[in-house]
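Chains as they are written, first to last, in the working numbering: chain A, 159 to 327; chain B, 159 to 327. Below is one structure, written out as structure tokens, with a few remarks after it.
There are 2 protein chains.
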Amino acid sequence: MKILLVCVGKTTVPYFATAIDVYIKRLKHYVAFDMVCLPDVKTAKSLPEQNLKNQEGEAVLKQIENGDVMILLDNNGAEFSSVEFSKWLQEKELRSVKRVVFVIGGAFGFSEAVYRRADGLFSLSRMTFSHQMIRPIFVEQLYRAMTIIKGEAYHHEDTLWQKSYNRMK
Amino acid sequence: MKILLVCVGKTTVPYFATAIDVYIKRLKHYVAFDMVCLPDVKTAKSLPEQNLKNQEGEAVLKQIENGDVMILLDNNGAEFSSVEFSKWLQEKELRSVKRVVFVIGGAFGFSEAVYRRADGLFSLSRMTFSHQMIRPIFVEQLYRAMTIIKGEAYHHEDTLWQKSYNRMK
Numbered sequence: 159m160k161i162l163l164v165c166v167g168k169t170t171v172p173y174f175a176t177a178i179d180v181y182i183k184r185l186k187h188y189v190a191f192d193m194v195c196l197p198d199v200k201t202a203k204s205l206p207e208q209n210l211k212n213q214e215g216e217a218v219l220k221q222i223e224n225g226d227v228m229i230l231l232d233n234n235g236a237e238f239s240s241v242e243f244s245k246w247l248q249e250k251e252l253r254s255v256k257r258v259v260f261v262i263g264g265a266f267g268f269s270e271a272v273y274r275r276a277d278g279l280f281s282l283s284r285m286t287f288s289h290q291m292i293r294p295i296f297v298e299q300l301y302r303a304m305t306i307i308k309g310e311a312y313h314h315e316d317t318l319w320q321k322s323y324n325r326m327k
Numbered sequence: 159m160k161i162l163l164v165c166v167g168k169t170t171v172p173y174f175a176t177a178i179d180v181y182i183k184r185l186k187h188y189v190a191f192d193m194v195c196l197p198d199v200k201t202a203k204s205l206p207e208q209n210l211k212n213q214e215g216e217a218v219l220k221q222i223e224n225g226d227v228m229i230l231l232d233n234n235g236a237e238f239s240s241v242e243f244s245k246w247l248q249e250k251e252l253r254s255v256k257r258v259v260f261v262i263g264g265a266f267g268f269s270e271a272v273y274r275r276a277d278g279l280f281s282l283s284r285m286t287f288s289h290q291m292i293r294p295i296f297v298e299q300l301y302r303a304m305t306i307i308k309g310e311a312y313h314h315e316d317t318l319w320q321k322s323y324n325r326m327k
């Protein structure tokens, strides 16, 4: 099974870009993973919100193939624990899903067309996270899910917080 | 009102340290904020989990003064939306609370003594975030809460994701 993460707009904050790179490198030991950041829509600032969402939506949908399980990261989505999320992913693999695509939307969220195509909505938190920070947070969750599936020591369900990476080694 | 964030252990991941610094700088425009990272307990690796938690707990409790409202960031805590969190903070200010102290625990969570002293438990997500990443995530939420209280444009409740910082300017 492949996993694709589609983001609307570049990662402009350099320290988040670094964090994303670190987790992607780790993640690729476990799964065929790709991340696509769609270019920002030109003249975005002067566009009405609806038009911008529609243009972004068209670009997102171009990334989607028939048979993809497409999940939007959306504040109104279902919340999972890290273990539940890993089970969800594992179940997709067992059902021979070829590709799961997660989408992190732009500033104003998703167009109607994107919602119509989507197979589900996931929420990482009841809190609103920044558009940029959500990316490393989610890539880390994917990595964490893989270590849970493999039964590795990264994730400690019985402790409240994660060992620092230094202490893991 | 002052806000103190107490973390157990240093921030060892440099790009998260950078993110924390960025948000602390912004946050200090709004509120008297301080962050204290307690030094790692020596010989932590060889200590039984319970002893380590107790030693960390003692160090945490030394930071706490009478009258502090002490909140633990804990997976079993209450979840808030960003707006609810800002209202919670504002209500503390209206009640003339002098200081709110948030605590991010170590790898194994909090000792019994820390739980006994705490006034409440907050959870940022049903998912488990890394011990290091939780720090920038939470500092960003504090900053976001302040902008919500001030009615500033950073937080968009009616949109799903946050404008990228570049586009805000």
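Note that beta-carbon positions come from the ideal geometry of N, C-alpha and C, so glycine has one too.
Contacts between A:Q299 and chain B, judged by CB atoms closer than 7 Å, involve M285 in chain order.
Taking 9 Å as the Cβ-Cβ cut-off, the region 237-270 of chain B approaches chain A at E237, F238, S239, S240, V241, E242, F243, I262, G263, G264, A265, F266, G267 and F268, given in chain order. DSSP places B:R253 in the coil class of the three-state scheme, outside both helix and strand.
Look at B:K186 here: in three-state DSSP terms it is coil, with no helix or strand label. Between the C-alpha atoms of A:K200 and A:S239 there is a straight-line separation of about 37 Å. About 19 Å separates the Cβ atoms of B:R293 and B:I222, ruling out a contact at the 8 Å cut-off. Per DSSP, B:I222 lies in no alpha helix (DSSP H) and is assigned neither H nor E.
Cβ-Cβ distances below 8 Å link A:S283 to E237 in the same chain, with the five nearest sequence neighbours on each side left out; the list follows chain order.
Only buried fits B:K211, as 16 or more other CB atoms lie within 10 angstroms of its CB. In this structure, the CA atom of B:F268 is about 37 Å from the CA atom of A:G267. Between B:A265 and B:G215, the CB-CB gap reaches or exceeds 7 Å.
Of all residues in the region 211-233 of chain B, those with a C-beta nearer than 9 Å to a C-beta of chain A are L230, L231, D232 and N233, reading in chain order. When beta bridges are read from the DSSP output, A:L196 appears opposite A:V166.
Note that the C-beta distance between A:I229 and A:F280 is below 7 Å. Cβ contact annotation for A:K168 (same chain, cutoff 8 Å, sequence separation greater than five): C195, P197 and D198, in chain order. Under the Cβ criterion of 7 Å, B:T305 is not counted among the residues facing chain A.
Under DSSP, B:I161 takes part in a beta bridge, and its partners are B:F191 and B:V258. About 5 Å separates the CB atoms of B:S244 and B:I307; that is less than 8 Å, so the two are in contact. In terms of Cβ geometry, B:E251 and B:M159 form a close pair [threshold 7 Å].
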